[in-house]
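Colleague:
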Amino acid sequence: MTTDAPPPPGGKDLGPAQPTTEQFVEVQESAEFAELRRTYRSFAFPLTVAFILWYLLYVLLSNYAGGFMGAKLFGNINVAFVFGLAQFATTFLIAWFYARHAAEKLDPKADAIKSRMEADA
Amino acid sequence: MSNTTLQAVGLAAASDASEHRPLIITLFAAFVVATLFITVWAGRQTKDAADFYAGGRQFTGFQNGLAISGDYMSAASFLGIAGAIALFGYDGFLYSIGFLVAWLVALLLVAEPLRNSGRFTMGDVLAYRMRQRPVRTAAGTSTIVVSIFYLLAQMAGAGVLVSLLLGITSDAGKIAIVGLVGVLMILYVTIGGMKGTTWVQMVKAVLLIAGTLLITFLVLWKFNFNVSDLLGTAAEQSGKGAAFLEPGLKYGATGTSKLDFISLGIALVLGTAGLPHILIRFYTVPTARAARKSVIWAIGIIGAFYLMTIALGFGAAALVGPEEITASNKAGNTAAPLLALHIGGADSAGGAILLAVISAVAFATILAVVAGLTLASSSSFAHDIYANVIRKGQATEKEEVRAARWATVLIGIVSIALGAMARDLNVAGLVALAFAVAASANLPTILYSLFWKRFTTSGALWSIYGGLVSSVVLVLFSPVVSGKPSSMFPSVDFAWFPLENPGIVSIPLGFLLGWLGSLLSKEEPDKGKYAELEVKSLTGVAAH
Chain S
1 MTTDAPPPPG GKDLGPAQPT TEQFVEVQES AEFAELRRTY RSFAFPLTVA FILWYLLYVL
61 LSNYAGGFMG AKLFGNINVA FVFGLAQFAT TFLIAWFYAR HAAEKLDPKA DAIKSRMEAD
121 A
Chain H
1 MSNTTLQAVG LAAASDASEH RPLIITLFAA FVVATLFITV WAGRQTKDAA DFYAGGRQFT
61 GFQNGLAISG DYMSAASFLG IAGAIALFGY DGFLYSIGFL VAWLVALLLV AEPLRNSGRF
121 TMGDVLAYRM RQRPVRTAAG TSTIVVSIFY LLAQMAGAGV LVSLLLGITS DAGKIAIVGL
181 VGVLMILYVT IGGMKGTTWV QMVKAVLLIA GTLLITFLVL WKFNFNVSDL LGTAAEQSGK
241 GAAFLEPGLK YGATGTSKLD FISLGIALVL GTAGLPHILI RFYTVPTARA ARKSVIWAIG
301 IIGAFYLMTI ALGFGAAALV GPEEITASNK AGNTAAPLLA LHIGGADSAG GAILLAVISA
361 VAFATILAVV AGLTLASSSS FAHDIYANVI RKGQATEKEE VRAARWATVL IGIVSIALGA
421 MARDLNVAGL VALAFAVAAS ANLPTILYSL FWKRFTTSGA LWSIYGGLVS SVVLVLFSPV
481 VSGKPSSMFP SVDFAWFPLE NPGIVSIPLG FLLGWLGSLL SKEEPDKGKY AELEVKSLTG
541 VAAH
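Line order of the protein sequences matches chains S and H.
In terms of the UniProt record's numbering, the first sequence has 50 at position 50, counting the first letter as 1, and numbering is strictly consecutive.
In terms of the UniProt record's numbering, the second sequence has 358 at position 358, counting the first letter as 1, and numbering is strictly consecutive.
1. Pick helix, strand or coil for H:S263, following the three-state DSSP scheme.
2. Note down the Cα distance separating H:N226 from H:L36, rounded to an integer number of angstroms.
3. By a C-beta neighbour count over all protein chains shown, 10 Å radius and 16 as the cutoff for buried, is H:L519 buried or exposed?
4. Put H:K47 into one of helix, strand or coil per three-state DSSP.
5. The alpha helix (DSSP H) spanning S:L73 covers which residue range?
6. Using the DSSP secondary-structure output, state which residues sit across from S:I77 in a beta bridge.
7. Which residues, in order along the stretch 246 to 259 of chain H, keep a beta-carbon less than 8 Å from a beta-carbon of chain B?
8. Distance check for H:T141 and H:G429, CA to CA, integer angstroms please.
9. Per DSSP, what kind of secondary structure is H:F99 in: helix, strand or coil?
10. Tell whether a beta-carbon distance below 7 Å holds between S:K109 and S:L36.
11. Going along the stretch 500 to 531 of chain H in order, which residues come within less than 9 Å of chain S, judged by CB to CB distance?
12. At the 7 Å Cβ level, is S:G75 part of the contact set with chain H, yes or no?
13. Is H:H383 near H:T216, with beta carbons less than 7 Å apart?
14. To the nearest angstrom, how far is it from the Cα of H:V414 to the Cα of H:F282?
15. Closer than 7 Å, CB to CB, is H:Y90 near chain S or not?
16. Suppose the cutoff is 6 Å on Cβ atoms and the five residues either side in sequence are ignored; what does the same chain contact list for S:P9 look like?
17. Looking at chain S, is there any beta carbon in it that lies within less than 7 Å of the beta carbon of H:A316?
18. Evaluate residue 546 of chain H with the Cβ neighbour count: other Cβ atoms within 10 Å of its Cβ, from every protein chain shown; 16 or more gives buried, anything less gives exposed.
19. Starting from S:W54, trace the alpha helix (DSSP H) in both directions and tell me its first and last residue.
20. With DSSP as the reference, label H:S482 as helix, strand or coil.
21. Mind pulling the chain H residues with CB within less than 7 Å of S:F51?
22. Are the Cβ atoms of H:L443 and H:I302 separated by less than 7 Å?
23. What residue range is occupied by the uninterrupted alpha helix (DSSP H) comprising H:W406?
24. Tell me H:F489's beta-bridge partners as DSSP assigns them.
25. Nearest to H:T212 by alpha carbon, out of H:P485, H:P337, H:V492, H:K453?
26. Measuring CB to CB, does H:L375 end up less than 7 Å from H:T197?
27. Just checking my contact of H:S471 with H:P502 at CB under 8 Å: how many whole Å lie between their CB atoms?
28. With burial defined as no fewer than 16 other Cβ atoms inside 10 Å of the residue's Cβ, what is the status of H:V535: buried or exposed?
29. Does the beta-carbon of H:S348 have 16 or more other beta-carbons within 10 angstroms, so that it is buried, or is it exposed?
30. Who are the near neighbours of H:R131 in its chain, counting only those whose CB is closer than 8 Å to its CB and skipping five residues on each side?
31. Can you name, in chain order, every residue of its own chain whose Cβ lies under 7 Å from the Cβ of H:V370, other than the five neighbours on each side?
32. Under 7 Å between C-beta atoms, does H:A542 make it to chain S?
33. Which residues mark the beginning and the end of the alpha helix (DSSP H) in which H:T309 is found?
34. Please state the DSSP three-state secondary structure of H:R133.
35. Could you spell out the range, first to last residue, of the alpha helix (DSSP H) harbouring H:A340?
36. According to DSSP, simplified to helix, strand and coil, what is H:P502?
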């Protein structure tokens, strides 16, 4: 189960060189980082609130609006069914939407800060 | 998964199962041999702590997405949801939606920052800015409690379920099955570490998806791919008519049961991103970008699976019928295997083969999930509690991994013992409790740690212990434990909390306590550490 050779102290998983705390504070206070934080939060936070409310609406309608949810739309497919499938669809859509936002808007900003800090460290 | 009800083995499935026992056992054995082979192979490549805890961080986003799906889709969601739909119609489907939507919390708020700033456990991120020993102790406690509750439900269920599929009715037989599942999970984790566990989960995910796709295709084919016809026949066969296709059969009975459903829904959506066995999976990929990709894949795979449970559940209602399902198992847990038998032809070789395949998939499902849970609790014990609290950060990697392996053996033995003892209790409520603790104790602390600069050590301790204790206490005094025929201890009654799901009270309480604890404590938040955590979490600078 255990290996013969002792791993080097700390192992191979130390990660790249650590910048100092001062460097982290400096970056955190920079306009560039504020922009990255804003781009992330202004997208992720409202969207999280929105999908939780959208899900709660579905739960509440299932609980308290039986008549509406039971209304048949076509064949045996009723509103409740379509609403449930809509939850699947919005989940897939939001996941895709976030992935696109992250790749286009967040990754380049994060990479720029990261490579500069690691070069300085 | 309900235990007392699982006990009520009807003649139908038992006799079917014992006829097909040789084939089912052969497939079980094939899965065990294949996964043990993988485990030994993975164990040979497991050299240091990063290998043992994080599988060397070399999995791709797609591989990890598959493994996450394998870790998450438990027997409760495979057999339980199919059964709930087969018996309660639409209300069974409500479950799946909460389980899926929950992944957006993980995607948008947790996966990437966690991958960037932590190393092996949830505690790495929670304790980053705080005084190490108290917060590590709290994070380790909460991790172990959540994982053990979840594990116990799976173990107790596994014994009964596998016995049912094999047609074993004796007590000794059921205990032997629990023991076998426990020994296998100890072997997977101690030998293969995260690498072995990940491969077992990937294999299981592929088998589960393939099995459900096959049955879904056959069900839809039977109805000429007309979903409306399938639903209509299911409603007719259920004896409940149109109500079967509307919400309310399971949760709509009273005002209390409706409130209970809201409470459950909130816990499902907020709990997933606080489940330690899910969180540690994000450390198995090299970057935050790969962690994002893994969640996207997981959402696709899990979503597709839950969509197929519609065909499985309504298919079982339409083609097997509620009488036969409840005769076999009152909670409906054998609906999917029975559907496989019927759709392949009840008296034909096709039916026997399909039943065996679906039973083997259920067995694989149980094993992959219990391995993930054991790994999460033993790695948190070794990394958070042993290395950082008991040894104060002075343990070498080798000592840490050795502690993790011993912890695995210990947790395995304890859960075999508890699982065997609990086999006659209804432990279905434990999974919901695990989600409630994850949502009330873990999620508030994770979010405050990552996003709120004024969060302090006291705040973290208040939210973890407050969320943990309130959910456990509320469940202890709820109908889950006593006072109802379906309770864990039906013969006594000390329940004063009316809901089976504590989330509606304990989740807001966890958030509130984290906030209050930070405001009321005199300590100043560590600004430098928060700068480190925030910059790391958003950029991946100096990530492990």
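Backbone N, C-alpha and C fix where the C-beta goes; we use that ideal spot for every residue, glycine too.
Modeller: Looking at the atomic coordinates:
1. helix
2. 42 Å
3. It is exposed - the Cβ of H:L519 has fewer than 16 other Cβ atoms within 10 Å.
4. Of the three classes helix, strand and coil, the one that applies to H:K47 here is coil, per DSSP.
5. No alpha helix (DSSP H) holds S:L73; the beta strand (DSSP E) holding it covers 72 to 74.
6. S:F74
7. The structure shown has no chain B; the protein chains it does contain are S and H.
8. 20 Å
9. helix
10. yes
11. K527, G528, K529, Y530, A531
12. yes
13. H:T216 is positioned such that its CB atom lies no closer than 7 Å to that of H:H383.
14. 27 Å
15. yes
16. The predicted position of S:P9 is uncertain, since its pLDDT is 43 and thus under 50; a value taken from the coordinates is nonetheless stated next. Correct list: empty, nothing qualifies.
17. No, its Cβ sits nowhere closer than 7 Å to a Cβ of chain S.
18. As shown, chain H starts at 1 and ends at 544. That puts residue 546 of chain H outside it, with no answer to give.
19. 31 to 64
20. strand
21. In chain order: V101, L104.
22. no
23. 397 to 421
24. H:S482
25. H:P337
26. yes
27. Rounded to whole angstroms, the Cβ separation of H:S471 and H:P502 is 5 Å, and the two are in contact under 8 Å.
28. Flag for H:V535 reads buried.
29. exposed
30. T457
31. L151, Q154, M155, V181, M185
32. yes
33. Membership of H:T309 in the alpha helix (DSSP H) is indicated by the continuous run 288 to 319.
34. helix
35. 335 to 343
36. coil
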